[in-house]
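Residue 139 in the numbering used here is what sits at position 57 of the sequence shown, and the numbering runs on without skipping anything.
Cβ coordinates follow ideal geometry from the N, Cα and C atoms, glycine included.
One structure is given here, and the rest of the page talks about it.
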Amino acid sequence: MICRMGPVRIALLCACLPACGAPGTMAPKPLEARSSPREVSPPVAVDPEFVAWLPERYEAEIFVDYDALRACDLMDVVERVPMVSEFLDSLAKGYGCSFDELRLTRTGIGSIEPGDSFAQRTISVARIAARPLSRTMPAPWQPLRFSHHDGFYFVEGVSRPPAVLWPSADLAVAGDRELLLRAANGESRGGPHPELQPLLPVEGTLAQVAVGCFERKMHESLGTIGWFWHDEQDPARFVRFALSYGDDEQVVLSMTVRFLCGTTGLTEVEKDLRQKLDAVLGDESLRSFHELVSDLQLVHLGKDLHATLPLGSVREAYRKLERAAFALMAIAASRR
């Protein structure tokens, strides 16, 4: 429940791996400048009760609409993946509920004070199935009063203890204990950093991760190792990975990278992606990826580089991703 940017690493992997399968016989396409349908979609309505508890001017957000995932049957597919059900059950317990009761979560992550660890200043707000407020948590969680709210905090081996409380029968708030105390006492006003706001979920979003770099480099913000996608004159400022499902009942995986200027840094990343596509497609052992990324679209809109991968229906998306996963496992096994 306390996010240490693991989901961001997973999202980065999921977003980058599909780029390894476009037809290698194709010459690199010129960078296209055109509008994207997602840019004009209405934003997801933000419940004021959610915003009140989120960190002030948070710089990254993880959003998951579990009810929407269930409604389009994608959650049934996700739960077939080994160990995912156990992970989801554990996640829900951190909010004091079962996974079947978990409806939607928004997690705000940010550096509240200079020198703070970006990954540990986190509050997650969850919409849950309504039931009486007399919720409990098992040991080693201990009771704690948050202003006029009852809650619990974790007491074993954590430098910044996580906590959880229930402001109403259908709302759970979990995360950094100090931040929750501030919010409960009215000492902070929650909400995203203004520059992050335009990248937050739009209608049809099932799940997404949006991260702002601000004064950090991209690899520092994502919690990854290495130096990539950084141009001193035109650095990447934001990255967003999203999974969406529209009225056409099609699943779409997308990545958006927003640059400071949209010039040299954007061009470098676009060129790098296309070179990797061609390099991978020269390897016959990776033919299993061809179908997955045959519809990959890479477009340029102002300072943004959008990579969009339509996956088809839920059934088609599952089949494509399953084949890709098996191919990855086979490759890993062959290189041991």
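Rounded straight-line distance, which links the Cα of residue j to that of residue i
{"i": "ASP158", "j": "VAL396", "result": "10 Å"}
{"i": "GLU352", "j": "LEU215", "result": "51 Å"}
{"i": "VAL246", "j": "LEU253", "result": "11 Å"}
{"i": "ALA414", "j": "ALA221", "result": "40 Å"}
{"i": "ASP316", "j": "HIS230", "result": "48 Å"}
{"i": "LEU375", "j": "SER180", "result": "Reading off the sequence, residue 375 comes out as Val, not Leu. Using only the alpha carbons, I get a separation of about 36 Å."}
{"i": "SER326", "j": "ARG152", "result": "13 Å"}
{"i": "ASP337", "j": "VAL293", "result": "The sequence as given places Met at residue 337; Asp does not occur at that position. So the alpha carbons of these two residues sit roughly 12 Å apart."}
{"i": "LEU226", "j": "PRO243", "result": "12 Å"}
{"i": "SER416", "j": "LEU342", "result": "41 Å"}
{"i": "PHE408", "j": "TYR400", "result": "12 Å"}
{"i": "ALA150", "j": "GLU331", "result": "12 Å"}
{"i": "SER303", "j": "GLU398", "result": "33 Å"}
{"i": "GLU404", "j": "ASP386", "result": "30 Å"}
{"i": "ARG319", "j": "LEU335", "result": "20 Å"}
{"i": "ARG369", "j": "LEU363", "result": "7 Å"}
{"i": "GLU168", "j": "ARG213", "result": "23 Å"}
{"i": "GLY344", "j": "THR187", "result": "32 Å"}
{"i": "ALA406", "j": "GLN379", "result": "18 Å"}
{"i": "GLY347", "j": "GLU277", "result": "19 Å"}
{"i": "MET443", "j": "SER172", "result": "Nothing about residue 443 can be reported from this structure: the residues present for the chain run from 83 to 418 only."}
{"i": "GLU238", "j": "GLN290", "result": "31 Å"}
{"i": "ASP354", "j": "LEU383", "result": "18 Å"}
{"i": "ASP329", "j": "GLY178", "result": "33 Å"}
{"i": "LEU184", "j": "PHE145", "result": "13 Å"}
{"i": "ALA251", "j": "ARG340", "result": "39 Å"}
{"i": "PHE323", "j": "PRO392", "result": "14 Å"}
{"i": "PRO249", "j": "GLY394", "result": "40 Å"}
{"i": "LYS274", "j": "CYS295", "result": "Note that residue 274 is Pro in the sequence shown, not Lys. Each residue's Cα considered, the two are about 13 Å apart."}
{"i": "TRP311", "j": "ILE191", "result": "22 Å"}
{"i": "GLY176", "j": "ALA211", "result": "15 Å"}
{"i": "ASP313", "j": "MET300", "result": "10 Å"}
{"i": "ASP155", "j": "ASP258", "result": "33 Å"}
{"i": "ARG271", "j": "LEU359", "result": "45 Å"}
Residues bridged to residue i [DSSP beta-bridge criterion]
{"i": "ILE191", "result": "ALA142, THR204"}
{"i": "ILE210", "result": "LEU184"}
{"i": "HIS275", "result": "Paired residue(s): none; HIS275 is not in a bridge."}
{"i": "GLN224", "result": "TYR235"}
{"i": "ASP386", "result": "ARG340, LEU383"}
{"i": "VAL255", "result": "VAL207, LEU247"}
{"i": "ASP149", "result": "Paired residue(s): none; ASP149 is not in a bridge."}
{"i": "LEU391", "result": "LEU335"}
Residue i - containing alpha helix (DSSP H), residue span
{"i": "TRP135", "result": "130 to 135"}
{"i": "VAL160", "result": "156 to 160"}
{"i": "ALA399", "result": "396 to 416"}
{"i": "ARG319", "result": "Careful: ARG319 lies outside any alpha helix (DSSP H), inside the beta strand (DSSP E) at 318 to 327."}
{"i": "LEU262", "result": "259 to 266"}
{"i": "ASP330", "result": "Taken as a continuous stretch (DSSP letters only), ASP330 belongs to no alpha helix (DSSP H), as it is neither H nor E."}
{"i": "ASP313", "result": "Per DSSP, ASP313 belongs to no alpha helix (DSSP H) and is neither H nor E."}
{"i": "LEU173", "result": "166 to 175"}
Limits of the beta strand (DSSP E) - the one that residue i falls within
{"i": "ARG340", "result": "333 to 341"}
{"i": "ASP232", "result": "231 to 236"}
{"i": "GLY294", "result": "287 to 294"}
{"i": "LEU368", "result": "Element bounds for LEU368: n/a, residue is neither H nor E."}
{"i": "SER303", "result": "Element bounds for SER303: not the beta strand (DSSP E) but the alpha helix (DSSP H), 300 to 303."}
{"i": "ALA245", "result": "244 to 250"}
{"i": "LEU383", "result": "379 to 383"}
Cβ neighbour criterion (16 or more within 10 Å) applied to residue i
{"i": "THR189", "result": "buried"}
{"i": "ALA361", "result": "exposed"}
{"i": "ARG203", "result": "buried"}
{"i": "ALA266", "result": "buried"}
{"i": "SER283", "result": "The displayed chain sequence assigns Pro, not Ser, to residue 283. By the neighbour-count rule (16 or more Cβ atoms within 10 Å), PRO283 is buried."}
{"i": "GLN279", "result": "exposed"}
{"i": "GLU269", "result": "exposed"}
{"i": "GLN357", "result": "exposed"}
{"i": "THR390", "result": "buried"}
{"i": "ALA174", "result": "buried"}
{"i": "ASP365", "result": "exposed"}
{"i": "GLU143", "result": "buried"}
{"i": "PRO130", "result": "exposed"}
{"i": "ALA208", "result": "buried"}
{"i": "VAL285", "result": "The amino acid at residue 285 is misidentified as Val; the sequence shows Glu. It is exposed - the Cβ of GLU285 has fewer than 16 other Cβ atoms within 10 Å."}
{"i": "THR287", "result": "buried"}
{"i": "ALA109", "result": "Confidence is the limiting factor: at ALA109 the pLDDT is only 32, short of 50, which leaves the residue's position unreliable, though a coordinate-based value still follows. Result: exposed."}
{"i": "MET411", "result": "exposed"}
{"i": "ASP182", "result": "exposed"}
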